[in-house]
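Report on the structure given below.
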Amino acid sequence: MNTLKYRLLEDIAIADACYELHGSNVEEIFQAGFLALMETSVELNTVKEVLIKNVLLQHKDLERLFYEFLEELIYLKDAELLIFKNCKLSVTKDDITDTFKLDAILSGQEFNKSVSTLTDVKAITYYQFYIKQIDDGWESRITFDL
Amino acid sequence: MLLKEKAIRINEFMYEIPQDSDLGMQAPVRVYGNSAIFNKLDKGVFQQITNVTKLPGLVDHAMTMPDAHWGYGFPIGGVAAFDIEEGVISPGGIGFDINCGMRLITTNLTVDEVKPKIRPLVNTLYEDIPTGIGKKGPIKISMNEFQNVAETGSEWCIENGYGWDEDIERQENNGRLVEADFSSVSDKAKSRGIRQLGTLGSGNHYCEIQTVNQIFDSDVAKVMGIENKDQIVVMVHCGSRGFGHQIASDYLREFLDKMETKWKIPIYEKELSAAPINSKEGENYMKAMSCAANMGFANRQVIMSHVRKVFERIFDRSSEEMEMHLVYDVAHNIAKREEYEIEGQKKEVIVHRKGATRSFGPNSNEIPSIYSKVGQPVILGGSMETGSYLLVGTDTAMKQSFGSTAHGSGRAMSRSKAKRKIQGNVLRSQMEAKGIYVRAASMAGLAEEAGFAYKNINDVVDSIHGADLSRKVAQLLPLGNIKG
Numbered sequence: 004m005n006t007l008k009y010r011l012l013e014d015i016a017i018a019d020a021c022y023e024l025h026g027s028n029v030e031e032i033f034q035a036g037f038l039a040l041m042e043t044s045v046e047l048n049t050v051k052e053v054l055i056k057n058v059l060l061q062h063k064d065l066e067r068l069f070y071e072f073l074e075e076l077i078y079l080k081d082a083e084l085l086i087f088k089n090c091k092l093s094v095t096k097d098d099i100t101d102t103f104k105l106d107a108i109l110s111g112q113e114f115n116k117s118v119s120t121l122t123d124v125k126a127i128t129y130y131q132f133y134i135k136q137i138d139d140g141w142e143s144r145i146t147f148d149l
Numbered sequence: 003m004l005l006k007e008k009a010i011r012i013n014e015f016m017y018e019i020p021q022d023s024d025l026g027m028q029a030p031v032r033v034y035g036n037s038a039i040f041n042k043l044d045k046g047v048f049q050q051i052t053n054v055t056k057l058p059g060l061v062d063h064a065m066t067m068p069d070a071h072w073g074y075g076f077p078i079g080g081v082a083a084f085d086i087e088e089g090v091i092s093p094g095g096i097g098f099d100i101n102c103g104m105r106l107i108t109t110n111l112t113v114d115e116v117k118p119k120i121r122p123l124v125n126t127l128y129e130d131i132p133t134g135i136g137k138k139g140p141i142k143i144s145m146n147e148f149q150n151v152a153e154t155g156s157e158w159c160i161e162n163g164y165g166w167d168e169d170i171e172r173q174e175n176n177g178r179l180v181e182a183d184f185s186s187v188s189d190k191a192k193s194r195g196i197r198q199l200g201t202l203g204s205g206n207h208y209c210e211i212q213t214v215n216q217i218f219d220s221d222v223a224k225v226m227g228i229e230n231k232d233q234i235v236v237m238v239h240c241g242s243r244g245f246g247h248q249i250a251s252d253y254l255r256e257f258l259d260k261m262e263t264k265w266k267i268p269i270y271e272k273e274l275s276a277a278p279i280n281s282k283e284g285e286n287y288m289k290a291m292s293c294a295a296n297m298g299f300a301n302r303q304v305i306m307s308h309v310r311k312v313f314e315r316i317f318d319r320s321s322e323e324m325e326m327h328l329v330y331d332v333a334h335n336i337a338k339r340e341e342y343e344i345e346g347q348k349k350e351v352i353v354h355r356k357g358a359t360r361s362f363g364p365n366s367n368e369i370p371s372i373y374s375k376v377g378q379p380v381i382l383g384g385s386m387e388t389g390s391y392l393l394v395g396t397d398t399a400m401k402q403s404f405g406s407t408a409h410g411s412g413r414a415m416s417r418s419k420a421k422r423k424i425q426g427n428v429l430r431s432q433m434e435a436k437g438i439y440v441r442a443a444s445m446a447g448l449a450e451e452a453g454f455a456y457k458n459i460n461d462v463v464d465s466i467h468g469a470d471l472s473r474k475v476a477q478l479l480p481l482g483n484i485k486g
């Protein structure tokens, strides 16, 4: 987790939150996105790891897969009242079907009074949204509607 | 030359960027605001509203309201109407929080009666109305019942005991868009929304106890139930919650996947995805958007019902005795089928209001009979420190802005800068010292909503009053507030 990097781009989307993510591989980008979303929503040190949720997604487009992963986290917040502290995941490419596959194990809890909440994330937007490989790793930009 | 530099000052409260076919603009852009407002508008506003003028079927001109700022697709404060045969519908012209809106409730209480009880009143509202993330609504409903909520809006609420019969007439579209069809909504959106009926949400959403500070038009104020200075009113600001957010995301993505290949509509910005209104996809979005709008009306109706009950407990009187009438409920993120006279002919259009409020003038068929002589109430929410305004709709708005006006003050500072400038608990203490008692689910969230993070609402109100898009009726100042 210490190698994961994200930083808030303050002057972009002042009513919301735009983050730049960095990682040495694509999994680290997905994990950085997970962390950015969770740390925007709650004080993560108040979240306990008492349940596990497995998220399996696939898409031919890596960018769309990342978008759908973040959207799934937002969906679980509202539909199942879940918030997560940790995420172990793999992103693999099936060369036969030309499809990217995500297998994420999320650990966290249902919301209760002991979770210190910050800001509700309504949606992941397409604003300046990208994920791409660069010289020394991977980079992404994500913007949450708050 | 930057787009902003192309704007010509038409009068004290309006600028215009002329149509420029070299830029792909099919129509001019009108920018409402006095010079103080105009000078501070960010360049994203101009780029985004210019993009809107490139979409097919735009009628007349696109415009921005004085509270405009950069958004997704349309700017916040963006208004545009499209021909129902040849035009498009765009989720970016409505927003993620479909039917985010405002509701104002009067009482016959005065500040002298309420101030001594403001703490128990606010604390009880905070306990009774779920606010913030991860909160379940107070009403457990089945999926069948949720379908009724989504298709009939406030009607479902009244039928199930959440409100008075008279409440229905005092809402845009009587609290129900009839085009709603639950089958056009994804399972994901249904799952996100089913537990959230009667929840406030977070961010800039709130339920606020206010006092009438100044009355500008006593005749109109009286019609709306505002009788005296120091009268207590209650304002609610919230929307369709995860239900609307998911519907917006679902259709934004569907249109994005098809707009270039199927309909040959260029993508100027991904958030400005659009579909022809008379396509199957466009029709489905109208139906789903209408479901979300109905959830917004129903949500505010249930919350109002709880507000009345809390007042009853604290003041030991019935809400009827306290004359807790609904003044009006307005939507400020929505698209509506409306009819206007364009070049001497009646034309049906789809008006998109993204962070903009309807502002229908007197004698409009679509406003309650009680307001037909004066025009509809327009409710503008300010920050929790600076206060809000009640205004009235005008004939000028009907003729010039597709019956539209501003919605609030608009952000001027990022959330993170606001949090660095002040801590939530310090802000809360400062507000208490000024006589405003606040309960918030998140101190960080509270700091983000500090008054200094927003534009000066007086500039916004002076601009829309000056442009005669709506006229000032009363200024309302906060006394107590609950937020997520």
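First to last, the protein sequences are chains A and B. Here our numbering is used: the first residue of the first sequence is 4, the next is one more, and so on. Here our numbering is used: the first residue of the second sequence is 3, the next is one more, and so on. Cβ coordinates follow ideal geometry from the N, Cα and C atoms, glycine included.
So, using beta-carbon positions, are residue i and residue j closer together than 7 Å?
{"i": "PHE299 of chain B", "j": "GLN173 of chain B", "result": "yes"}
{"i": "ILE120 of chain B", "j": "TYR391 of chain B", "result": "no"}
{"i": "VAL124 of chain A", "j": "PHE147 of chain A", "result": "yes"}
{"i": "GLY35 of chain B", "j": "PRO68 of chain B", "result": "yes"}
{"i": "MET297 of chain B", "j": "SER242 of chain B", "result": "yes"}
{"i": "SER186 of chain B", "j": "ASN286 of chain B", "result": "yes"}
{"i": "ASN110 of chain B", "j": "MET386 of chain B", "result": "no"}
{"i": "THR49 of chain A", "j": "SER110 of chain A", "result": "no"}
{"i": "PRO480 of chain B", "j": "GLN212 of chain B", "result": "yes"}
{"i": "PHE84 of chain B", "j": "ILE352 of chain B", "result": "yes"}
{"i": "VAL124 of chain B", "j": "GLY384 of chain B", "result": "no"}
Could you please give the first and the last residue of the uninterrupted beta strand (DSSP E) stretch that includes residue i?
{"i": "MET27 of chain B", "result": "Run containing MET27 of chain B: none; DSSP gives neither H nor E here."}
{"i": "ASN365 of chain B", "result": "ASN365 of chain B -> no beta strand (DSSP E), and no H or E assigned at all."}
{"i": "LEU73 of chain A", "result": "Not the beta strand (DSSP E): LEU73 of chain A falls in the alpha helix (DSSP H), residues 65-82."}
{"i": "PHE147 of chain A", "result": "140-148"}
{"i": "VAL235 of chain B", "result": "233-240"}
{"i": "GLY195 of chain B", "result": "From DSSP, GLY195 of chain B is part of no beta strand (DSSP E) but of the alpha helix (DSSP H) over 189-195."}
{"i": "THR102 of chain A", "result": "102-113"}
{"i": "ILE107 of chain B", "result": "103-112"}
{"i": "LYS260 of chain B", "result": "Premise fails: LYS260 of chain B lies in the alpha helix (DSSP H), 243-260, not in any beta strand (DSSP E)."}
Leaving out the 5 sequence neighbours to the left and right, which residues in its chain are closer than 6 Å to residue i when beta-carbon positions are compared?
{"i": "LEU328 of chain B", "result": "ILE107, ASP169 and ARG172"}
{"i": "VAL29 of chain A", "result": "VAL94 and TRP141"}
{"i": "GLN61 of chain A", "result": "THR102 and LYS104"}
{"i": "LYS51 of chain A", "result": "GLN112"}
{"i": "ALA476 of chain B", "result": "VAL214, ILE217, ALA223, ILE228 and LEU392"}
According to DSSP, what are the bridge partners of residue i?
{"i": "LEU393 of chain B", "result": "B:VAL380 and B:LYS474"}
{"i": "HIS71 of chain B", "result": "B:ILE78"}
{"i": "GLU340 of chain B", "result": "B:VAL351"}
{"i": "ARG10 of chain A", "result": "A:GLU23"}
{"i": "LYS91 of chain A", "result": "A:ILE108"}
{"i": "ASP97 of chain A", "result": "A:THR102"}
{"i": "LYS375 of chain B", "result": "LYS375 of chain B pairs with nothing; no bridge assigned."}
{"i": "LEU479 of chain B", "result": "B:THR213"}
Would you kindly report the start and end of the unbroken alpha helix (DSSP H) that includes residue i?
{"i": "HIS25 of chain A", "result": "It is not in any alpha helix (DSSP H) - HIS25 of chain A instead sits in the beta strand (DSSP E) that spans 20-26."}
{"i": "VAL124 of chain A", "result": "Element bounds for VAL124 of chain A: n/a, residue is neither H nor E."}
{"i": "GLY298 of chain B", "result": "282-317"}
{"i": "GLU147 of chain B", "result": "145-154"}
{"i": "GLN50 of chain B", "result": "45-54"}
{"i": "ILE120 of chain B", "result": "120-130"}
{"i": "ASP221 of chain B", "result": "220-225"}
Determine the chain A residues that contact residue i at a beta-carbon separation under 8 Å, and present them in chain order.
{"i": "LYS190 of chain B", "result": "TYR78 and ALA82"}
{"i": "MET415 of chain B", "result": "ILE17"}
{"i": "ARG194 of chain B", "result": "TYR78, ASP81 and ALA82"}
List, in chain order, every chain B residue whose beta-carbon is nearer than 9 Å to that of residue i.
{"i": "THR102 of chain A", "result": "Correct list: empty, because the minimum Cβ distance to chain B is about 17 Å."}
{"i": "SER110 of chain A", "result": "Near SER110 of chain A there are no residues of chain B at all, since even the closest Cβ is about 17 Å away, more than 9 Å."}
Residues in the same chain with beta-carbon distance under 8 Å from residue i, minus the five sequence neighbours each way, listed in chain order, please.
{"i": "VAL309 of chain B", "result": "ILE107, LEU127, ILE131, CYS209, VAL236, VAL238 and MET326"}
{"i": "ARG255 of chain B", "result": "SER275"}
{"i": "ALA358 of chain B", "result": "MET67, GLY79, GLY80, VAL81, HIS334, SER406, THR407, ALA408 and HIS409"}
{"i": "LYS42 of chain B", "result": "ALA414 and LYS457"}
Suppose the cutoff is 7 Å on Cβ atoms and the five residues either side in sequence are ignored; what does the same chain contact list for residue i look like?
{"i": "MET4 of chain A", "result": "Note on MET4 of chain A: pLDDT 41, under 50, position unreliable in the model; no value is reported."}
{"i": "ARG504 of chain B", "result": "The requested residue 504 of chain B does not occur in the structure, where chain B is confined to residues 3 to 486."}
Any heavy atom of the ligand NAP closer than 6 Å to the beta-carbon of residue i?
{"i": "ALA449 of chain B", "result": "The ligand NAP is not among the ligands present in this structure, which contains no ligands whatsoever."}
Going along chain B in order, which residues have a C-beta closer than 8 Å to the C-beta of residue i?
{"i": "ASP139 of chain A", "result": "Chain B residues near ASP139 of chain A: none, gap ~27 Å exceeds 8 Å."}
{"i": "ILE145 of chain A", "result": "Ordered by position in chain B, no residue passes the 8 Å Cβ test against ILE145 of chain A, which lies about 13 Å from the chain."}
{"i": "SER27 of chain A", "result": "Going along chain B, no residue has its Cβ under 8 Å from SER27 of chain A, so there is no contact; the nearest lies around 26 Å."}
Establish whether the CB of residue i and some CB of chain C are separated by less than 7 Å.
{"i": "LYS51 of chain A", "result": "In the structure shown, chain C cannot be found, because the protein chains are A and B."}
Name, please, each residue of chain B whose Cβ falls closer than 7 Å to the Cβ of residue i.
{"i": "TYR130 of chain A", "result": "TYR74 and GLU273"}
Check the Cβ of residue i against every Cβ in chain A and list those closer than 9 Å, keeping chain order.
{"i": "PHE98 of chain B", "result": "LYS125, ALA126, THR128 and ASP148"}
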